[in-house]
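Peer 1: After the structure tokens below, expect a handful of questions from me.
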């Protein structure tokens with residue numbers, strides 16, 4: 001699965017989201033399951049386009065989860081927090097338990 005943020009360098013909302021998105025990416029990298037099954041990515045929407053009819057963004061930032069093998073984006077509309085991103089990914093990812101806490105992590 002891929003979590004993709006489309007941003008604009010000049011966008012105030014994107015600048016506010018940046019530390020949250022980076023913290024989420026660090027948490028995903030530390031999670032044994034998420035680190036194997038989730039790619040966290042960013043794309044400058046002012047410099048790049050996605051030539052696919054389902055990937056149309058009307059504003060910045062736009063965050064999508066694309067499940068492995070589908071090519072269909074699911075747009076994020078939750079709380080712009082690490083926990084909100086974790087909940088979104090956990091609810092829609094193709095693999096369950098990406099952010100479950102293990103006994104070793106306690």
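Residue numbers (the UniProt record's numbering): 1 to 106.
Here a beta-carbon is modelled for each residue, glycine too, at the ideal position from N, C-alpha and C.
How many Å lie between residue 96 and residue 40 at the Cα?
Peer 2: C-alpha separation (whole angstroms): 17 Å.
Peer 1: In the DSSP output, what is residue 73 paired with across the bridge?
Peer 2: 66
Peer 1: Quick one: residues in its chain with C-beta nearer than 6 Å to the C-beta of residue 62, no 5 flanking neighbours on either side, listed in chain order?
Peer 2: 6
Peer 1: Can you find at least 3 beta carbon pairs, one from the segment 65 to 77 and one from the segment 16 to 31, that sit closer than 8 Å?
Peer 2: no
Peer 1: Under a three-way DSSP split, which group does residue 51 fall into?
Peer 2: Here residue 51 sits in coil by DSSP.
Peer 1: If I'm right that residue 88 touches residue 14 with Cβ under 8 Å, what's the distance once you round it to whole angstroms?
Peer 2: Going by Cβ atoms, the distance from residue 88 to residue 14 rounds to 17 Å, so no, they are not a contact pair.
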